[in-house]
Structures are given as structure tokens and as C-alpha cells.
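Start counting the sequence shown at 103; every next residue gets the next number (our numbering).
Glycine included, each C-beta is placed from N, C-alpha and C at the ideal position.
See below for the structure under consideration.
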Amino acid sequence: MHENKENYPNIHNSLLKRKIVHIDMDCFYAAVEARDNPSLRGLPLIVGGEPNSRGVVATCSYEARKFGVRSAMASSQAKRLCPNAIFVKPNFKKYKLISSQVRTILKRYTASIEPVSLDEAYLDVTEHKLYASKIAVQICATIKHELQLSASAGVGPNKLIAKIASDINKPNGIKVVVPEAAAAFMADLPLRKIGGIGPVMEKKLSSFGLQYCKDVQILKKAYLIECLGERFSTWLLERCNGIDERAVEATRIRKSFSCEDTFAKDIVSLDQVNFELSRIAAKVSSSLQKSGMAGKTISLKIKYYDFKQVTRSRTIEYHSNCPELIANISIDLAAKTEAGTKPIRLLGVGVSGINKEKEQKDLFS
Ligand code: DCP
Ligand code: MG
């Protein structure tokens with residue numbers, strides 16, 4: 103009834119503009135630990151907090167994933183799922199060093215590199231004389247040869263597709279999506295695969311009967327706008343058709359600063375919550391100040407004892423990195439939650455809507 107084949111009749115121009123490679127290391131922290139300690143190879147290995155502590159799993163080997171162990175799961179639950187797992191504490195200094203070694207390899211192909219995390223980066227290889235797929239093959243082979251680690255790659259006309267593609271033939275695999283195949287590639291993917299669609303939005307979309315990208319592809323834009331509003335509909339329709347015009351940002355400005363703490367023992371009293379929030383806010387403020395940055399949106403994250411999580415945020419009218427202000431807003435936001443009555447295992451404070459502190463000062467001077 104709402105069918106529409108006119109949204110993207112031929113190939114969309116943007117799909118012919120860029121060639122993007124997304125590189126993602128395979129079970130990164132666990133692979134590093136197994137590389138450096140051969141006795142761990144082939145075993146269910148978990149990198150993260152101790153099983154009898156309140157820590158969480160950072161990552162785990164594929165042998166542990168078979169048991170259902172996943173990133174961000176409580177280590178105690180991971181131990182229950184996989185009693186024979188070996189737990190290793192993360193060594194971030196080492197991962198950072200290896201990440202920069204990977205970066206050195208990537209730089210041989212282009213200066214246009216956008217790191218997303220320690221184990222993941224986008225490359226814009228549009229100007230390179232080699233085929234993008236060939237570059238991806240060479241990069242993965244070089245990482246294996248020089249660093250004895252395995253990586254996977256996605257190749258596509260934009261960041262959206264390259265990122266989803268790098269996951270498809272994991273581990274040690276490459277997936278290439280040509281521009282003509284963009285919409286067909288997206289069609290069978292669940293909407294959740296699109297970066298920016300989280301569990302809440304996924305639920306909302308499913309209440310409209312939308313589960314896969316193809317469900318959105320066939321809708322008339324006007325109908326979608328009625329349900330979801332203009333801005334979001336335009337964005338969603340583009341993404342579902344494999345369109346994404348974001349450039350690779352080689353000198354990415356950090357978009358947010360945050361800090362969170364999991365407590366050894368749940369905290370209940372509001373005084374203690376407020377005390378911890380002031381302490382965490384001071385840390386966030388200090389890292390903002392060190393980078394010469396300030397932000398407009400202050401966010402609070404609370405994970406209760408039962409792992410239920412809430413976030414609250416407030417945007418102010420100017421940029422700030424003042425510790426008292428960040429603390430006061432966080433405390434204010436906490437007052438609108440169950441803090442003080444329901445035990446809390448984790449508190450986090452974040453600041454986003456970032457701008458250079460100096461630019462702000464100039465604005466007022
Ligand atoms: N990480 C973490 N906490 C999470 C997710 C990830 O500490 N909730 C860390 C550990 C990972 C690294 O970041 O090794 C990279 O994250 P990925 O999501 O790429 O996970 P892996 O590289 O471990 O596995 P995959 O092979 O699926 O990429
Ligand atoms: Mg990875």
C-alpha cells in the first residue's frame with residue numbers, strides 16, 4: 103500500500119564518491135594476550151575483571167564466545183556460563199601500543215584515517231591507485247605478518263557499509279560491497295545493525311512493524327514522516343538504502359569526555375551517591391581542562407544492583423568544564439532517579455557537545 107520504488111531510483115550519487123575500508127581487529131585484547139602467552143592459545147580466555155569480583159568482561163576468545171560469554175557481561179556470569187574460562191586482567195598500555203603499531207601500517211595507504219577505538223579505524227582510500235579490496239587484503243596480511251594478530255576488513259562506498267561489512271566474515275575475513283549492491287546489502291539486515299539505532303529505537307520501530315532495512319526501503323517517505331517525523335525519517339531511509347555521506351574525519355575532535363566507576367560494594371545513601379558524583383565529575387572536568395575543551399551537555403549514567411541502567415542528561419546554554427557545575431548538574435539529575443533508594447553498582451558522568459575552551463573564551467571577551 104505504501105510501496106515506493108522512487109526513493110532511490112538509480113544509483114545514488116554519493117555511492118560513487120568514496121571508497122572506504124573499515125579495519126577491525128579480531129577479539130583484540132584476547133588475541134593480544136594469547137599472542138604473548140602461548141599457553142593461553144586455543145583456550146576459552148576472558149579479558150576483564152576477576153570472576154569473584156564485580157568486574158565485567160572486556161572481551162573474550164572465540165572459544166569462550168561458544169559458551170555465550172560476551173563483552174560487558176558481569177565476570178561472575180561469564181564464569182557460570184564457562185566455568186573453565188581463564189581470566190586475564192586487561193593491559194591497556196600494551197593495547198594502546200599495538201593500536202599505534204596498527205596505525206603505522208594503515209598510514210602506508212592513506213593519511214585519511216579515522217580511529218574509532220583502539221581496535222577499529224576507517225580509511226578513505228578513494229585516491230589510492232590500488233583497488234580498495236586489494237588494500238584491505240594487504241592490510242590484513244601485513245597486520246598478521248608484522249604483528250602476529252588477525253584483523254577483519256569491510257570495503258564499501260561509505261562508513262555505514264564498510265563498518266557493517268567488516269563484521270560479516272569475521273574472524274580474519276574481508277567483505278566487499280560494491281556501490282550497485284548497497285541497497286541490496288542492507289535489505290536483509292536488522293535495523294539494529296545501523297549505527298545510531300539502539301535497543302530503545304529498535305523497539306519503537308518494531309512497534310510500527312519495522313524490523314529489517316527492507317521493511318523501511320519499501321515505504322513511502324511521506325508515510326514514514328507521519329510516523330517518525332521528517333528529520334529522523336530522512337536519516338533512516340538513507341541508512342536503510344545504504345546511503346551515508348559522512349566523511350572520514352582524520353583529525354577527529356573528541357565528541358565526549360566521560361568517566362565511570364563500578365563500586366566494590368553497592369552504594370545506597372544519597373550522600374554517598376552525591377559524594378561519588380562530585381569525585382567523578384572532578385575527573386571529567388580535569389580531562390576536559392587538560393585537552394583545553396569544554397562541553398554543553400552533562401550526562402549521568404546509573405547502573406543499579408540489578409544491572410538495570412538509566413541515563414539522564416541536561417544541556418546548558420554555554421560550554422563549561424567547571425568541576426562544581428558538572429558535579430551540581432549530575433547531582434541534580436540523580437535526584438530524578440531512584441538514587442538514594444535503590445542500590446547502585448555503577449555511576450558515570452559524561453560531558454558532550456564539545457568545543458574548544460579557548461574559542462569559548464574568545465566569544466565572551
Ligand atoms: N571492549 C570493551 N568493552 C566492550 C566492548 C569492547 O572493553 N563492551 C574492548 C575489548 C575489545 C576491544 O574493545 O577487545 C574491541 O572491541 P570489539 O567490539 O571490536 O570486540 P573484539 O575486537 O574483542 O571482538 P571482534 O572480533 O568481535 O571484533
Ligand atoms: Mg574487534
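Assuming residue i is part of the alpha helix (DSSP H), what are its boundary residues?
| i | result |
| --- | --- |
| HIS247 | 234 to 249 |
| ILE296 | It is not in any alpha helix (DSSP H) - ILE296 carries neither H nor E in the DSSP assignment. |
| VAL204 | 194 to 208 |
| ASP290 | Per DSSP, ASP290 belongs to no alpha helix (DSSP H) and is neither H nor E. |
| SER380 | 372 to 392 |
| LYS323 | 323 to 330 |
Given residue i, which residues of its chain have a CB within under 6 Å of its CB, disregarding the five upstream and five downstream residues?
| i | result |
| --- | --- |
| LEU465 | Its pLDDT being 40, under 50, LEU465 is placed unreliably by the model, and the measurement read from it follows with that caveat. Closer than 6 Å at the Cβ level, and outside the excluded window around LEU465, lies no residue. |
| ILE299 | LEU293 |
| MET103 | The predicted position of MET103 is uncertain, since its pLDDT is 34 and thus under 50; a value taken from the coordinates is nonetheless stated next. Excluding positions up to five away in sequence, the list is empty. |
| ILE266 | LYS295 |
Taking only heavy atoms of the ligand MG into account, decide whether any of them is closer than 7 Å to the Cβ of residue i.
| i | result |
| --- | --- |
| ASP373 | no |
| GLU222 | yes |
| PHE130 | yes |
| SER126 | What sits at residue 126 in the sequence shown is Asp, not Ser. Checking the Cβ of ASP126 against the ligand MG gives yes. |
Leaving out five residues before and five after residue i in sequence, what residues of the same chain have Cβ atoms less than 7 Å from its Cβ?
| i | result |
| --- | --- |
| ALA441 | LEU372, VAL375 and ILE404 |
| ASP408 | none |
| GLU135 | LEU142, LEU147, VAL149 and VAL190 |
| GLN319 | ALA285, ALA289, CYS342 and ASN343 |
| ASN186 | PRO146 |
Based on the DSSP secondary-structure assignment, which residues constitute the bridge partners of residue i?
| i | result |
| --- | --- |
| MET303 | The partner list for MET303 (beta bridge, DSSP) is empty, contrary to what the question assumes. |
| CYS162 | ILE148 |
| LYS403 | THR413 and GLY450 |
| GLY256 | HIS124 and LYS277 |
| ASP226 | ILE122 |
Counting along the chain, where does the beta strand (DSSP E) carrying residue i start and finish?
| i | result |
| --- | --- |
| GLU216 | 215 to 219 |
| PHE365 | 358 to 369 |
Hey, is residue i close to the ligand DCP, as in C-beta under 7 Å from one of its heavy atoms?
| i | result |
| --- | --- |
| THR161 | yes |
| ALA136 | no |
| ASP288 | Note on identity: in this sequence residue 288 is Met, with Asp being the wrong assignment. Because no heavy atom of the ligand DCP lies under 7 Å away, the Cβ of MET288 does not count as near it: no. |
| SER219 | yes |
Could you pull out every residue in the same chain whose Cβ sits closer than 8 Å to the Cβ of residue i, ignoring the five residues on either side in sequence?
| i | result |
| --- | --- |
| PHE310 | CYS329 and LEU330 |
| TYR314 | ALA289, ASP290, LEU291, PRO292 and LEU293 |
Could one say the Cβ of residue i lies closer than 8 Å to chain B's Cβ atoms, at least one of them?
| i | result |
| --- | --- |
| SER308 | No chain B appears in this structure, which consists of one protein chain only. |
Taking 8 Å as the cut-off, does the region 125 to 136 touch the region 269 to 285 (at least 3 CB pairs, one atom from each stretch)?
Under the Cβ criterion (8 Å, minimum of three pairs), the region 269 to 285 counts as touching the region 125 to 136.
So does the region 424 to 443 actually touch the region 343 to 362, counting three or more Cβ pairs closer than 8 Å?
Touching, no.
Does the region 194 to 207 come close enough to the region 170 to 179 to have 3 or more Cβ pairs within less than 8 Å?
Contact check between the region 194 to 207 and the region 170 to 179: fewer than three CB pairs, one atom from each, fall below 8 Å, which does not count as touching.
Decide yes or no for the touch test of the region 163 to 178 against the region 132 to 145: beta carbon pairs closer than 8 Å, at least 3 of them.
At 8 Å Cβ cutoff, the stretches touch.
Sufficient close CB pairs (3 or more, under 8 Å) joining the region 380 to 388 to the region 414 to 425
A contact exists between the region 380 to 388 and the region 414 to 425.
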